[in-house]
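Numbering (this note's numbering), first residue to last: 13 to 173. Where a beta carbon is used, it is the ideal one built from N, C-alpha and C, also for glycine.
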């Protein structure tokens, strides 16, 4: 369990935007703290004997434009920033039956498009559900009462131990 205390802290900002100052913010503000926090979480779960039964997923809904200063959405990008880019992004799976130390797929040299073993988000979701023990046949009713498969994609076997 991760606790997000509300103990009077007035300014809490949790974001990964690099619309400007991309390289400075990644190097000085974002990556050092993220690396420390993520590795501490995994170390803590491992030391408690919980990592094998806890699936940790770190992902976003998009990557960043392949070129600095490239505008691709209304959010835009400054001359030293990167805009939203849905065509290629990174996700990390750890513990919970996910294969450790494994990199699945690759992007082109600009990180603009998948070039090897592309994965659709629905397949990533199906993989997570598989690792959590949710059967492929599991259905839930949507707001209109229609049955929908919980796992619309296909689990990525290479990501599973």
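As assigned by DSSP and simplified to three states, the class of residue i
| i | result |
| --- | --- |
| residue 192 | The requested residue 192 does not occur in the structure, where the chain is confined to residues 13 to 173. |
| residue 68 | strand |
| residue 119 | strand |
| residue 87 | coil |
| residue 110 | strand |
| residue 31 | coil |
Rounded distance between the beta-carbons of residue j and residue i, thought under 8 Å
| i | j | result |
| --- | --- | --- |
| residue 111 | residue 173 | 5 Å |
| residue 70 | residue 50 | 6 Å |
Delimiting residues of the beta strand (DSSP E) encompassing residue i
| i | result |
| --- | --- |
| residue 34 | It is not in any beta strand (DSSP E) - residue 34 instead sits in the alpha helix (DSSP H) that spans 34 to 37. |
| residue 128 | 126 to 128 |
| residue 161 | 159 to 161 |
| residue 153 | 151 to 153 |
Cβ-based neighbour list, residue i, same chain, cut-off 8 Å, excluding 5 preceding and 5 following
| i | result |
| --- | --- |
| residue 153 | 159 and 160 |
Residues of its chain near residue i, where Cβ-Cβ distance is below 6 Å and the 5 sequence neighbours each way are ignored
| i | result |
| --- | --- |
| residue 164 | 134 |
| residue 76 | 94 and 97 |
Boundaries (first-last residue) of the alpha helix (DSSP H) holding residue i
| i | result |
| --- | --- |
| residue 106 | Premise fails: residue 106 lies in the beta strand (DSSP E), 103 to 106, not in any alpha helix (DSSP H). |
| residue 57 | 43 to 59 |
Cβ neighbours of residue i in the same chain (closer than 7 Å, five flanking residues each side left out)
| i | result |
| --- | --- |
| residue 57 | 63, 66 and 107 |
Task: Touching by the beta-carbon criterion (3+ pairs, under 8 Å), the segment 134 to 147 and the segment 73 to 83 - done: No: fewer than three Cβ pairs fall under 8 Å.
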